[in-house]
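Position 97 of the sequence shown, counted from 1, bears residue number 106 in our numbering, the numbering being contiguous throughout. Glycine included, every Cβ here is placed at the ideal spot set by N, Cα and C.
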Amino acid sequence: MALVLVVPCDAASHAERTTGTAPHARVPAPARPFGAVCRTVVDGSHVTADCRNPYPETDHVGLHVECERWWDIDADGVRVEAGPAQHVRLTGRCWKEVRSAWITHQR
């Protein structure tokens, strides 16, 4: 008895093509710089943030203020559009002390 193994010609050529090295992974494109540069100052119960956008893409910045006292209402400011080479000023406040303040960015 003889055992005959028949391999389709397409499978044989595929095996020859795939042996050797693994396929190359795609290298992601570098991320484009984005985001306004902001400086936040807390003075007593008042918060001021000055933001300047040095990039060509518009950034929507928002000021968030967390108050120290439990009864004092925290505030999330309205997002403001900071276009290319534009300067914006955001303000917020608490009735008493400010616990923390930060800026968020959105494309």
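Nonlocal neighbours in the same chain, by C-beta distance under 6 Å from residue i, ignoring five residues either side
i: tryptophan 104; result: Asp81
Contact set for residue i: own chain, Cβ-Cβ below 7 Å, skip 5 residues either direction
i: alanine 38; result: none
i: valine 51; result: Val107, Ala110
i: valine 97; result: Cys60, Val70, Val89, Ala91
i: serine 4; result: Because the chain spans 10 through 116 in this model, residue 4 falls outside it and cannot be assessed.
Closest residue to residue i among the options (Cα-Cα distance)
i: tryptophan 126; options: His114, Val107, Gly92; result: No answer is possible for residue 126: it lies beyond the span of the chain, which begins at 10 and ends at 116.
i: arginine 48; options: Cys60, Pro42, Val56, Arg41; result: Cys60
i: valine 87; options: Gln95, Val46, Cys76, Gln115; result: Gln115
Nearest-angstrom Cα separation, counted from residue j out to residue i
i: aspartate 85; j: histidine 73; result: 4 Å
i: aspartate 83; j: arginine 35; result: 45 Å
i: valine 56; j: glutamine 95; result: 20 Å
For residue j and residue i, believed in contact at Cβ under 8 Å, the rounded distance
i: alanine 91; j: asparagine 62; result: 4 Å
Contact set for residue i: own chain, Cβ-Cβ below 8 Å, skip 5 residues either direction
i: proline 65; result: Pro93
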